[in-house]
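Going letter by letter, the sequence shown gives residues 1059 to 1684 in my numbering.
Ideal Cβ positions, reconstructed from N, Cα and C, are used throughout, including at glycine.
Everything numeric in this text was worked out from a predicted model, so none of it was measured.
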Amino acid sequence: MSVLANLTGPSDLRGMSDDELAELALEIRELLITSVASNGGHLGPNLGVVELGMAIHRVFDSPRDRVVWDTGHQAYVHKMLTGRAGQFATLRKEGGLSGYPSRAESEHDWVENSHASTSLSYADGMAKANLLLGKDDHVVAVIGDGALTGGMAWEALNNIAADNDRRLVVIVNDNGRSYTPTVGGLANRLTEIRTNPRYEPALGAIKERLNRARVVGPAAYEALHAIKKGVKDALAPQGMFEDLGLKYIGPVDGHDRPAVERALTQAKKFGGPVLVHVLTTKGQGYDIAVANENDQMHQANPFDRATGEAVNVAPAGWTSVFRDEIVRIADERSDIVAITAAMLYPVGLDAFADKFPDRVFDVGIAEQHAVTSAAGLAMGGLHPVVAVYATFINRAFDQVLLDVALHQCGVTFVLDRAGVTGDDGASHNGMWDMSLLQIVPGLRLAAPRDGSQLRELLREAVEVDDAPTVIRFAKGGVCEDLPAIERIATTDVLSRDEAKDVLVVAIGAFGHLGADAAEIVRAAGHGVTVVDPRWVKPIDPALVELAAGYDLVVTLEDNGRHGGIGAAFTQAVRDAGSDVPIRVRGVEQEFLDHAKRDVILERLGLTPQAVADDILATVTRNSAQG
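Now the structure itself:
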């Protein structure tokens, strides 16, 4: 009989035998592989925390004790242990389980924001609240060594260590990787501990002596820990944590469940902030994942579990177009350098790094530092290209505004996964960037509609040396090239009728949406012109002048409607003295539940038929009123 199928919640774990727990670990890994092979998702991170997740829920009493998972892409095991194993066939599907913790799913999920380096700040606040309210609950924050490269994590540690009365346990899940191997001084220091050839033999000798002395139970563990501290101080000093005032336990083999439980029990007894250092292997239990050099199947599309190969080969994507073009540009210009925040492969800088290893900088999960460092590179005479997901530029807005734009630095930002992304849920949709960046003085923003335009606009962007430039593009397959019939100033005309009934201003990847909707409107007997501004900030004066000659203007953008390009364009038209009616179509300003991109766009009315219907209804309404 399946152990996992009969598990109703974390309390069931505490009555299980060692044999049952070993079987449970096997069943969890089997369900992880089966579910992700079918639906896609984060495989490597979850395979690496099976024993750790079990130990946490055996030692702590969730949800009374609050468990916060940093980033949350390693929380599938937590979901299974909290009663959701039976729902894993719905993982990442519309209406099914989220790929991240979700407060709507379970009382055991406290934080669902999937941006890294935040768990310690949440935990700090929760522990302070417990102290002020007189509660003796524990708060447990699980953070990876990759997320510790983010400055916010160290800001939190600085505060956590300042008060010894708070019951807060920080678990560092150290697997040496974020997406790819963790970089920087912290990573090097942790690696010293992880790989020191003298540490494990010395520890083994200590264990053997204690066993011969027949010291058992907590007393033995306390004695062992005291001796281990001396060994660590001699072989791999832990000053970076202990100098902050944090009690340190470890390193512990994260796949030795009893050892992890003993460490967590010791930490729980301390009564104040404790850091437990756990060593794990990403992809543990699935050799194909462990052997994957790129990211150990950090995030996998549906795959054949026998080979690890994707079931369907994805069409050429926007990222691949950028990957190729930035290398060509760098071949031509020695001043081009690249920066990424722990996402070399996902944003397409791997080919650049292979060819120009000295000209690419992976700064870890530190978007703020990446942007200001880019400003410094620009001040030093180079032209940096900062490539991040669109959702992550939110984290560095102040640096874009005051460190780059204020100083008129020539930095190009390439925002991948812009607009609605879908499966990863609310915090991964790149639907905020054009609204935020709209208010940055001097910044120039381009939204290419197809691969050819991405290449062209990227080249135009890196020619600007006195202001920040931005190129943003969508997730997934690149759009088929949509050629222009004419260019007016910087604006491409995609199609045009003699009658000036409707002007459709289609932004970026919505060029095809505008063109397809226009065909439906034409079939209903109305003249339509479709244009693509290419550079959407600043607004092209020629486009403003063009709009004044139409009966109706409709803007389409893969971005939030409030403060986006449609709003800015409307203001520019009004400032020019025109009162032409304008319909702004875009993403509703709400947190979108996870689903496929096409499903979400259909729900938002951003399909050719829905847009055309809205245009025709507006034309009819305006005619009746006029």
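Label residue i either buried or exposed according to how many other C-beta atoms from any shown protein chain fall within 10 Å of its C-beta, with 16 as the threshold for buried.
i, result
"R1122", "exposed"
"S1392", "exposed"
"Q1426", "buried"
"R1386", "exposed"
"P1404", "buried"
"T1176", "buried"
"S1093", "buried"
"D1590", "buried"
"P1103", "buried"
"A1400", "buried"
"P1316", "exposed"
"G1644", "buried"
"K1305", "buried"
"L1065", "buried"
"G1366", "buried"
"M1355", "buried"
"F1328", "exposed"
"M1489", "buried"
"R1592", "buried"
"Q1511", "buried"
"M1437", "exposed"
"E1646", "exposed"
What do you reckon, are the CB atoms on residue i and residue j nearer than 9 Å?
i, j, result
"A1199", "T1129", "no"
"V1594", "L1503", "yes"
"W1376", "V1536", "yes"
"A1505", "E1615", "yes"
"R1641", "L1662", "no"
"L1685", "L1105", "The displayed coordinates of the chain run from 1059 to 1684. Any statement about residue 1685 would go beyond what the structure contains."
"L1110", "G1312", "yes"
"M1138", "I1086", "yes"
"D1491", "V1528", "yes"
"R1655", "V1418", "no"
"P1442", "V1469", "yes"
"G1618", "I1497", "no"
"V1677", "D1559", "yes"
"G1098", "Q1357", "yes"
"V1197", "V1107", "no"
"M1184", "R1124", "yes"
"A1695", "G1209", "The displayed coordinates of the chain run from 1059 to 1684. Any statement about residue 1695 would go beyond what the structure contains."
"R1530", "L1571", "no"
Suppose the cutoff is 6 Å on Cβ atoms and the five residues either side in sequence are ignored; what does the same chain contact list for residue i look like?
i, result
"A1095", "F1361 and R1363"
"D1481", "R1150 and H1652"
"N1188", "D1195"
"T1665", "none"
"N1487", "V1478, T1479 and L1650"
"P1373", "G1535"
"G1202", "N1231"
"A1409", "R1381 and V1385"
Using DSSP bridges, identify the partner residues of residue i.
i, result
"F1627", "Bridge partners of F1627: none, in fact."
"T1527", "T1470 and R1502"
"S1553", "V1588"
"N1231", "G1202 and V1336"
"D1420", "T1398"
"T1613", "V1563 and V1642"
"K1697", "The question about residue 1697 has no answer, for the chain in this structure spans 1059 to 1684."
"V1657", "According to DSSP, V1657 bridges with nothing at all."
"F1686", "With the chain running from 1059 to 1684 in the structure shown, residue 1686 is simply not present."
"G1618", "V1645"
"R1087", "DSSP output for R1087 lists no bridge partner at all."
"V1478", "Note: V1478 sits in no beta bridge, so no partner."
"V1197", "R1124 and L1226"
Can you list, in chain order, the residues of its chain with a C-beta nearer than 7 Å to that of residue i? Leave out the 5 residues immediately preceding and following it.
i, result
"F1627", "V1563, I1597 and T1613"
"S1069", "none"
"V1429", "V1444, A1454, Q1457, V1458, D1461 and V1462"
"Q1466", "G1500, D1524 and A1525"
"A1411", "L1402 and V1418"
"L1674", "V1579 and A1582"
What does a CB cutoff of less than 8 Å around residue i pick up in its chain, not counting 5 residues either side in sequence?
i, result
"I1307", "H1283, A1321, Q1324, A1325, V1332, L1333, V1334 and H1335"
"A1542", "D1550, V1551, L1552 and D1590"
"E1556", "G1585"
"D1077", "none"
"E1152", "D1651, H1652, A1653, K1654 and V1657"
Within the region 1298 to 1331, note down every full beta strand (DSSP E) run reaching 3 residues or more, in order along the chain.
1305 to 1311
Which whole runs of the beta strand (DSSP E) in the region 1406 to 1457 are 3 residues long or more, in chain order?
1418 to 1420 and 1441 to 1447
Which parts of the region 1158 to 1195 are runs of the alpha helix (DSSP H), unbroken and 4 residues or longer, counting only runs that do not cross its ends?
1177 to 1190
Scan the region 1108 to 1162 and note each continuous alpha helix (DSSP H) run of 4 residues or more that stays entirely inside, going in chain order.
1108 to 1117 and 1134 to 1137
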